[in-house]
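Numbering (my numbering), first residue to last: -9 to 147.
Take a look at the structure set out below.
See below:
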């Protein structure tokens, strides 16, 4: 499951850092986290645990420069797939969490599905939804909303 994991949140505020850590510790007992902050709140969480190594979770607000353009690109792609319901949801996104899993991280992880569980757990915590490269968009319970075209192309190889 190497690639980018994105959690799209519709709520403007929260979840609070301690809630995020509670969620992550329920998924990965004894995981450690260090939040990097600025005047707008936290913008990065550096996680560490022997089973996953170091994982950097970035936090973006859609009010930040360039983020809305990224959202609009996702919305246009969903519109081209006739998924207007999901397009409307992504247009309403207020925050994004994202992290990248490299092939090396995947090789070193004792459980590669842990990365998917992290994304789905954060989405459930914040009433959001997830996009995983080469998989697609998913609800917090793991229900596939639309398959990623990269996943379809990979199946053809």
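Note that CB positions come from ideal geometry on N, CA and C, so glycine has one too.
The structure displayed is predicted, hence computed values, not measured ones.
Does the distance from the CB of residue i to the CB of residue j come in under 8 Å?
i: residue 100; j: residue 38; result: no
i: residue 149; j: residue 0; result: Outside the displayed span of the chain (-9 to 147) sits residue 149, for which this structure offers no information.
i: residue 122; j: residue 73; result: no
i: residue 4; j: residue 114; result: no
i: residue -2; j: residue 81; result: no
i: residue 26; j: residue 15; result: no
How many angstroms separate the CA atom of residue i from the CA atom of residue j?
i: residue 138; j: residue 71; result: 11 Å
i: residue 128; j: residue 11; result: 22 Å
i: residue 205; j: residue 120; result: Nothing can be reported for residue 205, as the shown portion of the chain is limited to -9 through 147.
i: residue 2; j: residue 118; result: 11 Å
i: residue 23; j: residue 102; result: 19 Å
i: residue 133; j: residue 107; result: 13 Å
i: residue 78; j: residue 92; result: 31 Å
i: residue 144; j: residue 124; result: Below a pLDDT of 50, predicted positions are generally treated as unreliable, and residue 144, at 49, falls in that range; the measurement from the model is reported next regardless. The straight-line gap from Cα to Cα measures roughly 8 Å.
Whole-angstrom Cβ separation of residue i and residue j, contact assumed at under 8 Å?
i: residue 188; j: residue 30; result: Because the chain is modelled from -9 through 147, residue 188 falls outside the range shown and cannot be assessed.
i: residue 49; j: residue 32; result: 6 Å
Could you name the residues of the same chain whose beta carbon sits closer than 7 Å to that of residue i, not counting the 5 residues immediately before and after it, in chain order?
i: residue 98; result: 43
Can you list, in chain order, the residues of its chain with a C-beta nearer than 6 Å to that of residue i? Leave out the 5 residues immediately preceding and following it.
i: residue 111; result: 13 and 17
i: residue 109; result: -5, -3 and 120
Between which residues of its own chain and residue i is the CB-CB distance below 8 Å, once the five residues before and five after are set aside?
i: residue 126; result: 134, 135, 136, 137, 138 and 141
Stretch-stretch touch, CB-based, cutoff 8 Å, three pairs: the stretch 80 to 89 with the stretch -7 to 5
yes
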